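To get my numbering, take the position in the sequence shown, counting from 1, and add 8. C-beta atoms are modelled at their ideal positions from N, C-alpha and C, and glycine is treated no differently. This one's a predicted model, so the numbers in the text were calculated from it and none came from an experiment. For reference, the structure discussed in these notes is given below.
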Amino acid sequence: MKPVSERHVDELLKLGSILILDKTLWSASYLHDLICRKPANVSTTIGNKTLPTELWLQILSWFQVRPRSHDYMPGYVVGIGSVQNSSSRQEPALICNRLKEWRKCGQLRNSWIVNVYEEYLNNPSYIPTEDEILNVPFRYEEEENFSGSEIMDKAECPFEVTKTAEDSAILIPISHLKFETKFLFRLIKVPDMISFLENGDCHLCRGNRWRDYCCPNGTEELEYHCSTVMGHMWCMHDLLCPLCMGSHNADMSIELSCDKDEEPELTGKEFAEWEEERLAELGYEFDADTSIELSNDKDEESELTDKEFAEWEEERLAELDCEFEGDDEYSAVGNSITD
């Protein structure tokens, strides 16, 4: 998701895109703006006492910690109204309705439905084309047990929106979109909905943020969300969950951990840093205990390359007077010891 700025207002009015409002950061941003303009703007009612600006900034910086504990609201723009600012003057404001219900993103079963869902998030008036409907992969129809005209039911907008302001609508002054700390976001994706609005609940990984090929039905379930899986069956690496972490991140996690791919393979430490960055983008905390392990980097012994391991294995086989088969692409394999 990306922050909303003034230049996006006309587009949001036209499309009615779903937005995510971080109400916690909105409050912090407002205070930050007041204090930076004039520290005396925030003072006690008795004695007119104020805190040093440095202390205020330190306090406000704490609002950046643990973003998933913030108060988020999904909504959409239905018009332009006006509010009274601190100078008792009227200024334009976005009228935003709250999105009350939606089909849970953490329960979506395949990448086709995820893509359609994200089209609706950007434009609730979106209508899938006939080609898009006809090009639904057969395995998705079989898995969802629907076909033909029933596909249209699955392609319907997963939430309801209105064109008029509701009683619960909130007003966001357009001037607040200039605040240094951004609090209103557009271009919402399914992983954003899962993280910030659905408490991270994901049916595919059960909240672990990664998936194991070897889990029961692991490959079949993953294939519905990430086409890269079938090309890496020999790797047996875990991968970031394509549903709650995004299919792009899932693809990259495979490519960065596979030494047979064009992307350079990362060490365990480098991959952990990359993974931590991806988790932070969605507000998740990095847990080293459940992090994807590419190898035995956590062991005291240093990790060997394929070639080094093959040489080490050949030495061990030679000690047992076994013949080394060096044609195997992935590892050295000794002849079976039966006698």
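Pairwise C-beta distances place the stretch 37 to 46 out of contact with the stretch 79 to 90, as fewer than three of them are shorter than 8 Å. Every unbroken stretch of the beta strand (DSSP E) spanning 3 or more residues and falling wholly within the stretch 79 to 111 is given here in chain order: 80 to 92 and 98 to 106.
Look at D30 here: in three-state DSSP terms it is strand. About 17 Å separates the CB atoms of C104 and M201; that is not less than 8 Å, and the two are not in contact. Across the set C249, A258, L185 and Y128, the C-alpha of L185 shows the shortest separation from the C-alpha of L33. Taking all protein chains shown into account, L27 has 16 or more neighbouring C-beta atoms within 10 Å of its C-beta and is therefore buried.
Distance from the CA atom of Y292 to the CA atom of F191, rounded to whole angstroms, is 17 Å.
Collapsing the DSSP output to three states places F187 in coil.
When DSSP reads this structure, K10 sits in a beta bridge with R194.
Under the three-state reduction of DSSP, R217 is assigned to coil, being neither helix nor strand.
For L59, the secondary structure class from DSSP, reduced to helix, strand or coil, is coil. For the pair of segments examined, the stretch 118 to 128 was found to touch the stretch 194 to 211: the number of CB pairs separated by less than 8 Å reaches three.
A straight-line Cα-Cα distance of about 18 Å links R106 and S35. As the crow flies, the alpha-carbon of I180 is around 35 Å from that of R117.
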